[in-house]
Amino acid sequence: MNKDRETEILKTVDDSIRMEMKTFSDYLQKKGLKITNQRMLVAERIFSLHNHFTAESLLEEFKDQRDKISKATIYRILSIMVEAKLLQEHNFGQDYKYYEHIIGHTHHDHIICGDCGRIVEFIDERIEQLQEQAAANNGFKITGHSLNIYGSCLDPNCPNKK
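Residues in the sequence shown are numbered from 1 upward in steps of one, following the UniProt record's numbering.
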């Protein structure tokens, strides 16, 4: 994709995702990877999502364009974006991975319902402080962490309640 086409695509996206798209295209250039229409289209969709998603659910977003965007293309783009630290990959105990874009989003932890798969993000400063204290007590400085809590939601409308 030439620079004019890239600039044209960036002009059409919402201001809230323009920075993320630019960061992605800069990363592709730095790595010597092509900036293709498919990569930019998928990146734009990912950056417009504000929830956790799977490769399959992302592929479903492009069901009308499957002749242009294959499953392999989706997986390759996800891999590049994780490598670029634009996406975080989560293993929430299922047979597939979840993703979320992380640029401009604050650190948070997750509670996952084992019945319906609902994912709730939360921030609790007390937990953060306890983790810092535990690390310091054991001679560590935290450089990153992931906290996932698994349980059953109490929603009476949970479709998989037993």
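Backbone N, C-alpha and C fix where the C-beta goes; we use that ideal spot for every residue, glycine too.
Query: Runs of alpha helix (DSSP H) wholly within the stretch 18-57 (minimum 4 residues, chain order); Result: 37-48
Query: Where the alpha helix (DSSP H) containing LEU130 begins and where it ends; Result: 125-137
Query: Local conformation of GLN88 per DSSP, three classes; Result: strand
Query: Three-state class that DSSP yields for ILE74 in the structure shown; Result: helix
Query: Close-in-space but distant-in-sequence residues of the same chain around CYS158 (CB under 6 angstroms, 5 per side omitted); Result: ASP115 and CYS116
Query: Contact check, LEU59 vs LYS71, beta carbons under 7 angstroms; Result: yes
Query: The stretch 122-142 / the stretch 88-99 touching (three or more Cβ pairs under 8 angstroms); Result: no
Query: Other residues of its chain near TYR27: CB distance less than 7 angstroms, five sequence neighbours each side excluded; Result: ALA84
Query: Identity of the residue in CYS113, VAL120, MET81 and TYR96 nearest ILE102 by Cα; Result: MET81
Query: ILE142 - DSSP class collapsed to helix/strand/coil; Result: coil
Query: Distance, LYS68 Cα to GLN38 Cα; Result: 7 angstroms
Query: Selected residue, minimal CA-CA separation from THR54, among GLU100, PHE24 and ALA135; Result: GLU100
Query: Span separating the alpha-carbon of ILE24 from that of LEU41; Result: According to the sequence as given, residue 24 is Phe; it is not Ile. PHE24 and LEU41: Cα-Cα distance of roughly 12 angstroms.
Query: Residue range of the beta strand (DSSP E) that includes GLY151; Result: 148-151
Query: Supposed contact pair ILE119 and ILE112 - C-beta distance, whole angstroms, cut 8 angstroms; Result: 5 angstroms
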